[in-house]
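One line per chain: the protein sequences are Z and S, in this order.
Count along the first sequence starting at 1, add 77, and that's the number in this note's numbering.
Count along the second sequence starting at 1, add 250, and that's the number in this note's numbering.
Where is the CB? At the ideal position from N, CA and C, for every residue including glycine.
Okay, structure first, notes after.
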Amino acid sequence: MTGPHVHLGVFQAGVGPQLVWAHPDAAPHTAIETFVQTAQLLERGLFDAFFLGEGLRVRENRGRVHELDVAGRPDAITQLAALAGATERIGLVATQNTTYNFPADLARRLASLDLLSDGRAGWNVVTTDNAWTGENFRHGGWLAHERRYERAEQFVEAAKALWSAWDADAVQDADAKSWARPGSIATVDRHTDLVDLTAVPTVPASRQGRPVLFQAGDSAGGRELAAKHADVVFSAHTRFDEARALAEDLTVRLARYGRDRESLRILPGAEIVLGETAAEAEEKARWVRGEQVTGRRALAFFEQYWGTDLSGYDPDGPLPDIEPSDAELDPSRGTISIDRRSGKLALIAQWRERADAGNLSIRDLALEVSPGHPAFVGTPAQVADEWARYVRARVVDGFNLLPYLIPGALTDVVDLLVPALQERGVYRTGYQGSTLREHLDLPEIR
Amino acid sequence: MSFVLAVELDGDGAHPSAWRHSRRSPGAVLGGAALRTSVHDAERAGFDLATFADTPVPPAGGPDAAGRIEAGTRAAFVATSTSRIGLAPTLHVTTTEPFHLATQLASLDHATRGRAGWVLGAANDVASAATVGGVPLDPAGLHREITDVLDTARALWDSWQDDAVIRDVATGRYLDPDRVHHVDVTAARFTVKGPLITPRPPQGQLVVLAPEELDVAGRTDVVLVGGADPADVADRAERARGAGAARVLAEVQVVLDTDRSGAERLAELDDHTPWPDDGRLRHVGPAAGLVALLRRLAPLVDGVRLHPAVLADDLPVLAGRVLPELADLRAATGDTLRGTFGLTRPENRFAVRGGQS
Chain Z
78 MTGPHVHLGV FQAGVGPQLV WAHPDAAPHT AIETFVQTAQ LLERGLFDAF
128 FLGEGLRVRE NRGRVHELDV AGRPDAITQL AALAGATERI GLVATQNTTY
178 NFPADLARRL ASLDLLSDGR AGWNVVTTDN AWTGENFRHG GWLAHERRYE
228 RAEQFVEAAK ALWSAWDADA VQDADAKSWA RPGSIATVDR HTDLVDLTAV
278 PTVPASRQGR PVLFQAGDSA GGRELAAKHA DVVFSAHTRF DEARALAEDL
328 TVRLARYGRD RESLRILPGA EIVLGETAAE AEEKARWVRG EQVTGRRALA
378 FFEQYWGTDL SGYDPDGPLP DIEPSDAELD PSRGTISIDR RSGKLALIAQ
428 WRERADAGNL SIRDLALEVS PGHPAFVGTP AQVADEWARY VRARVVDGFN
478 LLPYLIPGAL TDVVDLLVPA LQERGVYRTG YQGSTLREHL DLPEIR
Chain S
251 MSFVLAVELD GDGAHPSAWR HSRRSPGAVL GGAALRTSVH DAERAGFDLA
301 TFADTPVPPA GGPDAAGRIE AGTRAAFVAT STSRIGLAPT LHVTTTEPFH
351 LATQLASLDH ATRGRAGWVL GAANDVASAA TVGGVPLDPA GLHREITDVL
401 DTARALWDSW QDDAVIRDVA TGRYLDPDRV HHVDVTAARF TVKGPLITPR
451 PPQGQLVVLA PEELDVAGRT DVVLVGGADP ADVADRAERA RGAGAARVLA
501 EVQVVLDTDR SGAERLAELD DHTPWPDDGR LRHVGPAAGL VALLRRLAPL
551 VDGVRLHPAV LADDLPVLAG RVLPELADLR AATGDTLRGT FGLTRPENRF
601 AVRGGQS
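If you want it as structure tokens, here you go:
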């Protein structure tokens with residue numbers, strides 16, 4: 078396909094307020110059948126990838142498991158290996174953490190998924206530094222916050238070395254003296270204070286060379302890691318001007334490593350709401366947001382900031398009259414963004430002003446300030462026009478959709494939006510390649 | 251209970267030279283198509299369980315196969331294209347995170363809707379330990395690590411009660427936090443807080459299979475025993491049961507007569523690389539002889555795990571001339587792997603206790 082076009086993935090987080098589980102059409106989100114049906118639906122829609130989130134501790138609110146949102150998800154690589162056996166073309170991307178994995182073990186599992194899927198695997202590289210998640214692991218809380226990307230970089234470099242340790246022609250014929258040509262498989266040795274391994278990989282390169290690397294962090298460290306190693310940036314910037322700023326920043330960073338913009342895909346995460354008319358889409362978006370921010374969720378959202386039980390307050394009434402606890406937020410509970418680790422009291426003061434000025438209830442304010450607003454709302458034609466504008470300007474290369482309802486929200490995309498994109502010449506009309514790397518139009522690995 | 255028939259499906263077969271007789275290019279073993287073929291053949295033949303051997307290091311030294319796909323992903327890959335056969339990968343307690351191991355196995359049980367097992371591995375050689383920057387443990391330390399990781403996995407599989415997800419639209423509560431538990435494991439070499447990120451497996455607890463030499467009979471569901479002859483197998487089975495094993499499978503290596511005799515085939519295979527005697531039963535010869543051997547074993551053990559020397563040669567004979575002769579030892583056992591072994595679905599420790607997290 079020539080010219081700019083839209084690459085689509087679906088990011089299934091598996092936890093959080095995004096998914097409207099109370100809807101009667103919501104499929105059971107942990108059932109294998111739901112995953113298989115979703116992956117096959119996306120394959121019908123010619124998507125590049127199906128993408129699973131992962132978090133290594135169940136989210137909590139003040140010491141108890143968070144009760145209002147969907148929770149419970151499978152091991153991403155295990156689930157994607159099952160999906161590899163149930164699909165033919167779609168890319169399969171696993172979010173996996175560099176802080177609480179052994180590099181040789183994770184690299185081997187990812188390479189295994191890549192071979193079993195015949196070159197359709199991807200790895201969304203994430204870091205965490207928090208000791209709270211570390212309580213589930215052998216070396217809980219071992220890594221200083223400042224060093225998390227240093228570890229990630231060494232981890233990724235070790236993985237790349239393991240993935241390229243086999244010569245392309247290592248395996249011989251059945252009548253040869255040995256299964257592998259002697260000397261054709263290298264031992265990988267890394268011994269630093271952050272990565273320590275000696276390993277002979279048991280898995281050769283797949284048809285696409287190695288798993289496609291996604292990177293999601295938006296900090297300077299994350300962007301630098303992306304520029305150096307990633308094939309795809311899973312960004313958070315869906316507004317045109319912000320997306321352009323990110324693309325420009327990444328282009329500058331890429332140049333430092335001898336790379337250009339063509340070697341990287343930028344796919345922001347985006348919730349979209351479609352309707353037959355613009356008004357219907359707006360109405361549906363309001364409904365979705367209302368379902369995502371129920372009165373109880375609004376209270377739970379502010380409880381994290383107040384640090385205390387607010388269940389006695391009326392979500393449709395004014396903000397709590399009590400003062401929040403002095404303790405800063407702990408962003409490690411899995412529900413709060415990491416950039417909110419300081420300045421809590423100032424933020425709450427700001428919120429009070431905003432609520433007073435607008436005469437907002439607890440829930441009204443939560444609707445405005447809690448994360449998760451739909452990025453694109455409209456008819457399929459409107460959204461297709463908007464996306465065509467984005468990709469023609471190369472501010473993004475597509476989107477990772479964050480569905481509010483499975484499968485309903487995705488069926489609409491496949492049946493209504495994809496044809497609209499195809500009409501505009503910005504979406505494939507058939508898979509041209511077979512690997513994830515080919516779907517993404519990424520240059521071959523040299 | 252039905253006499254359980256398991257088969258080890260790693261690579262091209264159990265004999266180190268099997269790759270020379272796979273009838274496909276040697277590298278093909280490292281792909282989905284070859285894997286699917288052997289698992290589907292085993293399911294169609296009527297086997298109850300397929301196991302997938304693994305190590306963190308290359309499977310063979312010297313001239314033989316240097317490649318192997320990780321076992322947990324192999325088992326998952328065939329989860330949705332099979333419907334009856336149990337799937338049990340080898341995962342090692344020494345070179346993984348206990349939390350990841352428990353999550354991976356629970357996920358396999360969900361993906362297979364209750365057909366997953368775990369063959370407990372405890373790689374403790376220098377090369378395996380070095381893959382995670384470690385060194386081998388001493389025997390006491392190793393035994394403690396095995397029991398610690400196994401106990402932790404079992405606790406984590408219980409950390410969500412079966413009825414934890416309530417989906418109560420009226421109150422907006424998706425789950426009941428009183429039914430999702432911290433496990434607070436303190437082991438010799440690690441701690442784990444929990445709960446698992448994955449809801450309780452369909453079987454409640456996966457079927458755990460362990461070789462007798464790991465000495466964890468009381469904690470596992472199935473002990474795998476070797477033996478020089480059926481009498482030796484009987485002794486070992488008795489010992490395992492005395493130590494608490496619920497079920498015992500005998501390990502049997504097989505080289506069957508095809509259009510050539512088993513003895514001839516073995517000699518040719520051994521000519522390249524000898525198949526070391528690791529203390530397991532071995533049948534070399536006609537299908538009828540294997541049927542007779544399995545009939546002798548039937549009163550002594552709960553089943554067998556067969557190790558075909560060459561899958562491409564031995565699996566068709568097993569399917570055509572061995573399993574059909576054992577029909578009278580077999581009964582329908584339900585659709586979970588626990589059911590196959592006649593094991594009930596265990597209660598959840600937290601539900602029994604009725605405690606809070």
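C-beta atoms of residue i and residue j nearer than 8 Å
| i | j | result |
| --- | --- | --- |
| Z/P345 | Z/H314 | yes |
| S/Q411 | S/F600 | yes |
| S/V442 | Z/N178 | no |
| S/A500 | S/L456 | no |
| Z/V460 | Z/G122 | no |
| S/A537 | S/D507 | yes |
| Z/G168 | Z/R150 | no |
| S/T346 | S/T381 | no |
| Z/P281 | S/L285 | no |
| S/L358 | Z/T155 | yes |
| Z/L274 | Z/A188 | no |
| Z/E368 | Z/V454 | no |
| Z/D266 | Z/L290 | no |
Closest by C-alpha distance to residue i, when choosing among the options
| i | options | result |
| --- | --- | --- |
| Z/A104 | Z/R469, Z/L513, Z/T506, Z/L487 | Z/L487 |
| S/A478 | S/L579, S/V502, S/L464 | S/V502 |
| Z/W200 | Z/L220, Z/V233, Z/L274 | Z/V233 |
| S/R555 | S/F253, S/L370, S/S252, S/V257 | S/V257 |
| S/L561 | S/H533, S/F253, S/A264 | S/A264 |
| Z/W243 | Z/P278, Z/V147, Z/V83 | Z/P278 |
| S/D564 | S/V415, S/A326, S/D262, S/P526 | S/D262 |
| Z/Q249 | S/M251, S/D260, S/S275, S/S252 | S/S275 |
| S/A361 | Z/L157, Z/R186, Z/D191 | Z/L157 |
Which of helix, strand or coil DSSP assigns to residue i
| i | result |
| --- | --- |
| S/S607 | Bear in mind that a pLDDT of 43 at S/S607, under 50, signals an unreliable position, so the number given afterwards is only what the model happens to contain. Coil, per DSSP. |
| S/R532 | strand |
| S/T381 | coil |
| Z/R150 | coil |
| S/D527 | coil |
| Z/Y226 | helix |
| Z/T105 | For the sequence presented, residue 105 of chain Z should be read as Pro rather than Thr. Three-state DSSP puts Z/P105 in coil, outside helix and strand. |
| S/L370 | strand |
| S/V399 | helix |
| Z/K425 | Per the sequence shown, residue 425 of chain Z should be read as Ile rather than Lys. If DSSP states are grouped into helix, strand and coil, Z/I425 belongs with the helices. |
| S/D413 | coil |
Residue i: contacting residues in chain B (beta-carbon distance under 8 Å)
| i | result |
| --- | --- |
| S/G281 | Absent from the structure is chain B; the protein chains it does hold are Z and S. |
Per-residue burial, residue i [other beta carbons within 10 Å of its own, 16 or more giving buried]
| i | result |
| --- | --- |
| S/D585 | exposed |
| Z/E430 | exposed |
| Z/V329 | exposed |
| Z/E223 | exposed |
| Z/A377 | buried |
| S/H431 | buried |
| Z/N436 | exposed |
| S/V328 | buried |
| Z/D102 | exposed |
| S/H271 | buried |
| Z/P448 | exposed |
| Z/T354 | exposed |
| Z/Y481 | buried |
| S/T332 | buried |
Given 8 Å as the limit, is there contact between the region 313 to 320 of chain S and the region 252 to 261 of chain Z, that is, 3 or more CB pairs closer than that?
yes
Is there contact between the region 145 to 164 of chain Z and the region 472 to 489 of chain S, where contact requires at least three CB pairs shorter than 8 Å?
no
The region 490 to 506 of chain Z contacting the region 461 to 481 of chain Z, beta-carbon criterion three pairs below 8 Å:
yes
Take every Cβ of the region 285 to 302 of chain S, pair it with every Cβ of the region 336 to 356 of chain S, and state whether three or more of those distances are shorter than 8 Å.
yes
Decide if the region 296 to 305 of chain Z is in contact with the region 396 to 412 of chain S; the criterion is three or more beta carbon pairs, one per stretch, under 8 Å apart.
no
Pairing CB atoms from the region 130 to 142 of chain Z with CB atoms from the region 419 to 430 of chain S, are three or more of them under 8 Å?
yes
Three Cβ pairs or more, each shorter than 8 Å: is that satisfied between the region 479 to 487 of chain S and the region 392 to 399 of chain S?
no
Touching by the beta-carbon criterion (3+ pairs, under 8 Å), the region 115 to 130 of chain Z and the region 502 to 522 of chain Z
yes
Three CB pairs or more closer than 8 Å across the region 332 to 351 of chain Z and the region 81 to 99 of chain Z:
yes
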